Structures are given as C-alpha cells and as structure tokens.
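For the sequence shown, counting from 1, position 285 maps to 285 in the working numbering; every step adds exactly one. Ideal placement from N, C-alpha and C gives every residue a C-beta, glycine not left out. This structure is a prediction, so every number in the text was calculated from the model and none was measured. Scroll down for the structure; my scribbles are underneath it.
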Amino acid sequence: MGRQQTNRSDRHASPARRAPSPARAPQRARSPAGKRVASERVDTAKRARARQPSAGERRGAQRARGGGSGGDGDDDDDDDDDDDRDELREAPVPEDLSRKIMRQARAQQEEFEADAPKPAARRGGGGGDDDDDDDEYDGQEEAGWEEEVEEVEVDEADEALLAKLMPADSGARRTLADVILEKLAEKAADAQARAAGLDGADGAAQAAQLPEKVVAVYSSIGELLHRYRSGKLPKAFKIVPKLANWEEILFLTQPRTWSPQATAAAVRLFASALNPRMAQRFYALVLLPATLDDIDENRRLNYHYYAALKKAVYKPAAFFKGIVLPMCDAQCALKHAVVVCSVLSKVSVPAAHSAVTLLKLTEMPLSGAQLLFLRTLLLKKYALPYRVVDALADYFARFGEHEGELPVIWHQSLLVFAQHYKMELTLEQKDELKPVLRAHLHERITAEIRRELFNSACRGDPYVPESDMLP
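Set out below in structure tokens:
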C-alpha cells in the first residue's frame with residue numbers, strides 16, 4: 001500500500017518536473033531588431049524541445065515507475081491528454097498562415113502609428129484637468145501645414161480694371177479697438193448723465209471702467225495668447241463668450257497681437273458658444289482683420305487662419321454677414337477674396353444661406369470681391385428660388401448700359417450662371433441679355449454663353465426629353 005501511494009505521488013509530481021513547453025506569443029508587427037530577437041527566441045525554444053524526451057518516452061518512464069498498477073488508469077489518461085495538448089501547442093504554425101498574420105499585424109501597426117498624434121509641448125494655458133477636450137487646440141495636429149496654405153495669384157490686368165470701376169471713397173476697415181472705444185465712450189456718456197446728481201464724474205468713471213483685477217487678469221491672458229502655440233486655453237478666457245460685456249473683456253486681451261494658433265483656438269470656442277448674431281461680430285472684428293493683415297504681410301495665408309475660416313462656416317449666417325458681405329462692402333482687394341473663396345469652395349454651406357447671400361451680392365456695386373463670391377456660390381449648383389434667379393438675371397442685364405471694358409471674371413460669372421441656370425430663365429430674360437453680350441464681347445467666353453443660353457429650354461416651356469432634342 002505504501003509503495004502504491006509512493007508511485008502515485010511520483011506520477012502526480014512528474015508533470016511538475018517536466019520543463020514547461022514554450023507558449024507561442026501572438027504575432028504582432030515588430031521592428032527589424034524585434035524580428036531578430038524573436039527569431040533567436042524561436043531557435044532557443046526549438047533546441048529546448050530537442051533536448052526534452054518525447055511524449056511516448058515520458059509515458060514509458062511513468063509506466064516503469066508505476067509498475068503497471070491497475071488503479072492508475074485514470075491518471076494515465078489525464079497525462080495522455082496533457083501530452084496531446086502540449087504537442088498541439090508545440091506544433092509549428094504553417095508558413096503561409098504566419099505570413100498572413102505578420103502582414104495583418106504590420107498593417108494594423110502602421111495604421112495605429114498614422115493615427116497617433118505627435119506629442120506637443122503644452123505652452124498654452126492654465127486650464128485644469130477638468131477642462132473640456134473640445135476647447136483644446138493642438139497647433140501641430142496637421143503636420144506639414146505649419147507655414148502657409150494659400151498663395152495668391154491675381155491677374156494684374158483684371159485688378160487694375162476693377163480698381164478703375166470701384167468707387168474712390170471706399171471706407172477703411174473698422175477694427176475691434178475702434179468699435180469698443182466708441183462703445184465705451186457712449187457708455188461713459190450715458191453713465192455720466194445718469195449719475196449727474198449722485199456721484200458726479202466719479203460715478204460715471206466707475207460705471208464706465210472695469211475693475212482693476214479684471215483688467216490685470218485679461219491683460220496677462222493677452223500676453224499668453226501672444227505666445228500661444230497649443231494646449232488648453234485659460235479658464236478665464238473660456239467664460240468670455242458667456243459675459244454680457246464680452247466685447248470689452250475681449251478688447252483687454254488685444255486680439256490683434258494673438259498668434260495664429262490662438263486665433264484658431266478662439267474661433268473654435270466662440271463659434272460654438274456664441275449665437276449667430278454675436279458670432280457675426282466676433283468674425284467681423286477679430287477673425288477678418290487678422291486674416292486680411294496676414295495676407296497683406298505675407299501675400300499668403302497661414303494655415304491656422306485658414307483652418308479658423310473653415311471652422312467659422314460652422315455658423316453660416318455669421319460667416320456670410322461677418323466676413324463675406326463686409327469684404328464686399330469694404331471693396332477689399334482680389335487677393336483677399338481669393339483666399340476666402342477658396343474656403344467656401346471646400347466646405348458645404350446650406351443652400352438657403354447661399355441664396356440669401358447671392359441676393360445681397362446682386363444689390364452691391366461692382367467689385368472684384370463681389371464677382372469672386374458670386375462665381376464661387378454659383379459653382380455650388382444649388383437649387384435657387386426663382387426670386388434669386390430673377391435677381392441674378394437683372395444684375396447681369398444692367399450691364400448693357402455700362403460703358404467700358406468689363407473684367408474677365410465678370411464674363412466667367414455670367415458663363416457659370418448660364419451653364420447651371422439657363423433652364424430657369426424666361427424667354428424675356430434671355431432676350432434682355434442679348435444686348436449685354438453684344439456690348440461686352442469676349443473672344444472666347446461670349447460664344448460659349450450664347451450657346452448655353454439660346455440652345456436650351458426656358459422656364460415654363462413644356463418638357464422635352466434630351467433624346468428628342470436636335471444635336
């Protein structure tokens with residue numbers, strides 16, 4: 001009996017004495033150095049298996065030690081199952097399957113490395129860990145776009161011709177400082193009138209001025225935004241859109257001195273937090289002057305300003321009223337309009353807002369910016385209301401009385417209008433355009449405009465399938 005127990009204990013202990021078989025690690029993408037290390041480990045495991053006795057030899061040794069006792073049959077079956085599992089684990093993976101696994105792992109690793117953001121130094125703000133991720137701006141998230149995006153090329157002949165057509169008394173742009181100083185002066189006058197029998201001039205000054213602590217805090221934030229590159233914005237800056245006097249507070253940070261990255265981050269914040277009316281003022285008084293100044297200084301637009309313009313379209317009504325229409329009102333240069341039109345051509349804009357903007361553009365005097373925006377919006381091929389189509393037809397028909405040469409961009413705009421809206425025009429409207437085409441002839445474009453207008457159906461005509469139309 002004692003001998004049988006001894007044999008059983010030996011058999012139960014024998015699996016523990018066996019050297020553990022090396023488990024195959026899951027395949028994953030490795031660097032060349034990692035592949036060499038993995039190959040050396042596989043060779044070591046093979047040599048270790050070669051020195052180990054086979055499963056049959058181990059079973060024979062166990063039977064010899066156990067003396068063939070009949071009561072150990074169940075234990076022998078368990079050992080056989082363990083040995084079979086060991087052999088399955090030790091079986092090599094087929095070469096073709098191994099290549100497929102390595103190929104898939106390498107593709108996943110490359111995709112992961114491409115999506116992983118590069119670490120950037122956090123120099124931007126004093127926000128805490130509980131700040132929203134949406135308020136964080138990573139200035140290096142678009143590698144290769146750090147310097148600039150848009151280099152402006154404008155035809156000098158068209159620019160000179162448009163300069164002659166523009167009125168000479170086009171007003172200068174109003175900056176944020178001008179607007180805020182006027183507003184502060186008005187508030188000071190009102191406060192002085194209200195405080196006239198109470199505290200005198202001291203009461204008016206107190207009503208018109210901000211606390212010294214507020215001035216100090218936001219002045220320091222302005223210095224920080226001047227050096228801002230990436231990271232979280234300060235918490236005190238994030239609450240500015242929620243303040244009733246946000247324009248005065250924003251003036252303390254001196255937006256004209258912000259870095260391009262700070263301007264882009266501020267646009268992300270204000271476009272999300274402000275209503276369309278307030279966002280319109282922010283675009284017109286902060287984003288637009290910064291964009292135009294950068295184009296004037298570098299003759300190209302920094303990528304961060306370009307990204308800020310694209311983000312500003314998040315509020316389309318504010319974008320058109322705060323950027324597009326003011327540029328046309330101020331008779332801005334063609335190089336400025338080219339950049340903003342590039343943004344418009346790359347983003348989706350609601351058709352209703354585009355239609356309203358086209359209607360407003362037809363009511364403005366002729367300018368290069370007006371024609372560029374007109375052509376860009378027409379190229380979107382939106383279904384326009386008849387009121388807008390009629391306004392566009394009347395706009396082009398008015399040039400029949402215009403004396404002098406018209407720029408090429410005017411002919412291009414009329415061609416785009418004829419190509420996409422020729423079947424929305426009435427026969428009378430097409431007839432009104434005939435004297436315009438005779439008065440302003442372009443050697444290449446006018447013939448194409450005639451072909452589009454006078455070889456197509458008109459509004460109200462019965463539908464004729466294209467297969468039945470004459471070639």
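Could you pull out every residue in the same chain whose Cβ sits closer than 7 Å to the Cβ of valine 436, ignoring the five residues on either side in sequence?
Phe396, Ala397, Phe399, Gly400
So the candidates are Glu403, Ser342, Glu405, Gly404; which of them puts its Cα closest to the Cα of leucine 374?
Ser342
Comparing alpha-carbon positions, which option in Ile409, Pro94, Tyr386, Ser272 lies nearest valine 473?
The question about residue 473 has no answer here: the residues shown for the chain are numbered 1 through 471.
Using three-state DSSP, classify leucine 392 as helix, strand or coil.
helix
Per-residue DSSP class, three states only, for leucine 414:
helix
Which residues bound the alpha helix (DSSP H) around serine 342?
334-346
To which residues of the same chain is glycine 200 closer than 7 Å at the C-beta, ignoring the five residues directly before and after it?
Interpretation of glycine 200 is limited by its pLDDT of 41, a score under 50 that renders its predicted location unreliable; the figure taken from the coordinates is listed afterwards. Around glycine 200: no qualifying Cβ.
Tell me the rounded alpha-carbon separation between histidine 402 and valine 313.
35 Å
Evaluate glutamine 104 with the Cβ neighbour count: other Cβ atoms within 10 Å of its Cβ, from every protein chain shown; 16 or more gives buried, anything less gives exposed.
exposed
Residues in its own chain within less than 6 Å of lysine 315 by CB, not counting five upstream and five downstream?
Ala271, Pro276, Ala279
Would you mind sorting alanine 284 into buried or exposed? The rule is 16 or more other CB atoms within 10 Å of its CB.
buried
Just checking: is the beta-carbon of leucine 366 within a distance shorter than 9 Å of some beta-carbon in chain C?
The structure shown contains no chain C; it holds only a single protein chain.
Looking at C-alpha atoms only, which residue of Arg281, Val416, Gln370 is the closest neighbour of arginine 451?
Val416
Would you give the residue range spanned by the alpha helix (DSSP H) that glutamate 473 belongs to?
Lying outside 1 to 471, the shown extent of the chain, residue 473 is not represented and no answer is given.
Between serine 230 and arginine 256, what straight-line distance do the alpha-carbon atoms span, to the nearest angstrom?
18 Å
Which of helix, strand or coil DSSP assigns to lysine 422:
helix
Top-ranked residue by Cα proximity to aspartate 294, from Ser98, His336, Leu210, Ala330:
His336
For isoleucine 409, tell me which candidate among Ala418, Lys430, Gly368 has the shortest Cα-Cα distance.
Gly368
Quick check: the Cα distance between arginine 106 and aspartate 43, rounded to an integer number of angstroms?
23 Å
Could you give the distance in angstroms between the alpha-carbon of threonine 376 and the alpha-carbon of serine 345?
6 Å
Taking 9 Å as the cut-off, decide whether the C-beta atoms of leucine 378 and leucine 359 are in contact.
no
Do leucine 288 and glycine 322 have their CB atoms nearer than 9 Å?
yes
Assign leucine 301 to one of three DSSP states: helix, strand, or coil.
strand
Nonlocal neighbours in the same chain, by C-beta distance under 8 Å from proline 241, ignoring five residues either side:
Leu269, Phe270, Ala273, Leu274, Met278
For a test of the three-state rule: what should DSSP assign to glycine 404, helix, strand or coil?
coil
Give me the Cβ distance between leucine 406 and cysteine 458, rounded to the nearest whole Å; I'm assuming they're in contact under 8 Å.
With a Cβ gap of about 25 Å, leucine 406 and cysteine 458 do not count as contacting.
Cutoff 8 Å; reference valine 347; Cβ partners in own chain excluding five residues on either side
Lys310, Val313
Apart from the five residues just before and just after alanine 351, which ones in its own chain have a Cβ nearer than 7 Å to its Cβ?
Tyr382, Ala383
Measuring alpha carbon to alpha carbon, tell me which of Lys380, Thr263, Ala244 ends up nearest leucine 233.
Thr263
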